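One structure is given below, encoded as C-alpha cells.
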Amino acid sequence: MKSTTTTIGVTPGERYSYLDLTDDLRRAIKDSGVTDGAAIAYCPHTTCALLINEWEDGAQRDFRARIEAVVPEGVYYAHDDLERRTQNLDEVHERQNGHSHVKAMLVSATSHSIPVQAGEPMLGRWQRLILFHVFGE
Amino acid sequence: MKSTTTTIGVTPGERYSYLDLTDDLRRAIKDSGVTDGAAIAYCPHTTCALLINEWEDGAQRDFRARIEAVVPEGVYYAHDDLERRTQNLDEVHERQNGHSHVKAMLVSATSHSIPVQAGEPMLGRWQRLILFHVFGE
Amino acid sequence: MKSTTTTIGVTPGERYSYLDLTDDLRRAIKDSGVTDGAAIAYCPHTTCALLINEWEDGAQRDFRARIEAVVPEGVYYAHDDLERRTQNLDEVHERQNGHSHVKAMLVSATSHSIPVQAGEPMLGRWQRLILFHVFGE
C-alpha cells in the first residue's frame with residue numbers, strides 16, 4: 002500500500018458557487034496508481050464545504066436558499082465586528098464573512114473519505130464531489 | 002497493512018427511517034482481518050446520512066422533527082420543478098425528493114473514518130453507526 | 002506504511018465550549034513517525050463535534066448562537082422524556098441533553114480525515130482542529 006497527495010487548485014468562484022471536482026478526483030486517483038484503498042478529499046479553506054451529492058442546478062439552488070435561510074447574511078456576526086475583534090486581524094481586511102464561517106461549521110464538510118476500487122472512487126450513480134464556495138470573491 | 006472493501010446491502014426503509022449498521026461494521030472489520038488501522042463507512046446514496054450517535058428512539062424522533070423543521074417538505078424545491086429541470090431527468094420519475102437532497106447536504110455525512118484497534122471500531126460507549134434514510138420508499 | 006492511534010484525553014469543558022486540539026494533533030502525528038499519509042481525528046462522544054475552522058472568539062460565539070437558534074434548548078425533546086423512554090436509561094441520570102444529540106447529529110462532525118505531508122497535517126492557514134463540546138458539565 003502507498004500514499005500520494007495531489008493538490009487541485011481552483012479559481013475562487015462567485016459567492017455560493019458550486020464546482021464539480023469529480024473528474025479531478027478520478028484523475029488524481031489514476032495518477033496515484035492506487036487501485037484499491039481510499040481517497041481523502043480535503044479542503045483547506047474555512048468558508049467552503051465539500052459536498053457529495055447530485056449535480057443538478059435546482060438542488061444546488063435549493064441548498065443555497067436553505068442554508069441562507071438558516072444562517073442569514075445581513076444580521077450581526079461577532080466575527081465581523083471590528084470593535085470587539087482582537088484575533089487574526091490580518092485575515093479580515095474588510096471581508097464580512099462571519100456568516101460563511103457559521104455556514105461552513107454547520108455543514109462541517111471539510112473532508113471526505115471515499116473508498117477506491119479498481120482505480121475508481123466508489124461514488125454512487127448520482128454522486129459528484131462538489132466544492133461549495135460559501136464565501137466567493 | 003492491507004485494505005479490503007465490504008458492501009452492505011440494505012433494503013430501503015421508510016422515509017426518515019434509521020438503520021443500525023454497527024454490527025455490520027464490526028463484522029466487516031473482523032472479516033477483513035485488519036486489527037489496527039481505520040474503517041471507512043461510506044454511503045453511495047444522495048438522500049441518506051451516516052450518523053454516529055446514540056440509538057434511542059426519542060433522540061431519533063427529535064432529530065427527524067428538527068431536520069424537518071429546518072428543511073421542510075411541502076415548500077417549493079427547484080429540484081422537483083419539472084418545468085425548469087433539464088439535468089438527470091431519468092432520476093426523477095415523479096419522485097419529489099428535493100427536500101431530501103437539501104437535508105443530506107446540510108448534514109453532509111456521506112463518509113466517516115473510524116479508528117480500529119484490536120479488531121474493533123473505536124466507537125464510544127453510546128455510539129452506533131446509523132443509516133438515516135431521508136428519502137425512503 | 003504504518004498506523005498508530007493516539008488518545009487525547011480532555012477535561013470536559015463548559016457547555017458550548019471550544020477546545021483547540023491542533024497542537025495535540027501535530028504532536029500525535031510527530032510521535033507516530035508517519036511523514037506522509039493521513040490522520041484521522043475521531044471523537045467518541047455523542048454530544049460533541051470536531052470542527053475544522055478558524056479559532057476566533059467571535060466566529061465561535063456566532064456559531065454557538067446559530068446552532069442554538071436552529072436547535073433550541075427549552076423545547077420538548079423525546080430523548081429527555083422519562084415518561085416514554087425505555088432505552089439506555091443508565092445514560093440519563095437527570096441529564097437533559099436531547100438538544101445536544103440533535104445538534105451533534107445535525108453537524109455530524111464525529112470524524113475527519115486530514116492529509117499529512119512532511120510530518121505535518123495539511124491544514125489551511127486559518128484551520129484549527131476544534132472540539133465543540135455541546136453538552137458540557
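Protein chains in written order, with my numbering: chain A, 2 to 138; chain B, 2 to 138; chain C, 2 to 138.
Where is the CB? At the ideal position from N, CA and C, for every residue including glycine.
Note that the coordinates shown come from a computational prediction; the quantities given were computed from them, not determined experimentally.
Three-state secondary structure assigned by DSSP to residue i
i, result
"L90 of chain A", "helix"
"L26 of chain A", "helix"
"G10 of chain B", "coil"
"E69 of chain C", "helix"
"S4 of chain C", "coil"
"G38 of chain B", "strand"
"Q118 of chain A", "strand"
"A110 of chain C", "coil"
"R85 of chain C", "coil"
"F136 of chain A", "coil"
"R62 of chain B", "helix"
Proximal residues of chain C, C-beta to C-beta of residue i below 7 Å
i, result
"V135 of chain A", "Going along chain C, no residue has its Cβ under 7 Å from V135 of chain A, so there is no contact; the nearest lies around 12 Å."
"V72 of chain B", "None at all; the shortest Cβ gap to chain C is about 11 Å."
"S109 of chain B", "S109"
"E55 of chain B", "T47, N89 and H102"
"R86 of chain A", "G59"
Contact list for residue i against chain C, beta-carbon separation under 8 Å
i, result
"V103 of chain A", "A60, D63, F64 and R67"
"L52 of chain B", "M106 and S109"
"D1 of chain A", "The structure shown does not extend to residue 1 of chain A, since chain A spans only 2 to 138, so no value can be given for it."
"G99 of chain A", "G59, A60 and D63"
Contact list for residue i against chain C, beta-carbon separation under 9 Å
i, result
"P13 of chain A", "By Cβ distance, chain C contributes nothing, its closest Cβ being about 13 Å from P13 of chain A, past 9 Å."
Cutoff 6 Å; reference residue i; Cβ partners in own chain excluding five residues on either side
i, result
"V103 of chain B", "V72"
"C44 of chain B", "L51 and T111"
"S33 of chain C", "T5"
"Q97 of chain C", "D81"
"Y17 of chain A", "R65"
"G99 of chain C", "Y78, H80 and D81"
With 16 other Cβ atoms within 10 Å as the buried cut-off, status of residue i
i, result
"N119 of chain A", "As written in the sequence, residue 119 of chain A is Ala, which differs from the Asn given in the question. A119 of chain A is exposed by the Cβ-count criterion."
"I131 of chain A", "buried"
"P122 of chain C", "buried"
"I9 of chain C", "exposed"
"Y78 of chain C", "buried"
"R67 of chain A", "buried"
"P116 of chain C", "buried"
"G75 of chain B", "exposed"
"Q105 of chain A", "It is Ala, not Gln, that sits at residue 105 of chain A in the sequence shown. That one is buried."
"Q61 of chain A", "buried"
"Q128 of chain C", "buried"
"D24 of chain C", "exposed"
"A139 of chain B", "No information on residue 139 of chain B is available, as it lies outside the stretch 2 to 138 that chain B covers here."
Contact set for residue i: own chain, Cβ-Cβ below 7 Å, skip 5 residues either direction
i, result
"S101 of chain B", "T48, V135 and F136"
"F133 of chain B", "Y19, C49, A50 and L52"
"D37 of chain B", "V117 and Q118"
"V11 of chain C", "L20 and L132"
"S114 of chain A", "A39 and I41"
"R85 of chain A", "A79"
Beta-carbon separation (whole angstroms), residue i vs residue j, contact threshold 8 Å
i, j, result
"A40 of chain B", "L26 of chain B", "6 Å"
"A110 of chain A", "L52 of chain A", "6 Å"
"L107 of chain B", "V108 of chain A", "6 Å"
Contacts that residue i makes with chain B (C-beta to C-beta distance below 8 Å)
i, result
"A79 of chain C", "D58, G59, A60, R62 and D63"
Listed by chain order, chain A residues near residue i by CB distance under 8 Å
i, result
"Y43 of chain B", "S114, I115, P116 and M123"
"T6 of chain B", "D37, P116, Q118 and M123"
Interface partners of residue i on chain B, CB under 9 Å
i, result
"G10 of chain C", "Going along chain B, no residue has its Cβ under 9 Å from G10 of chain C, so there is no contact; the nearest lies around 13 Å."
8 Å CB neighbourhood of residue i in its chain, flanking five on each side removed
i, result
"K31 of chain B", "G120"
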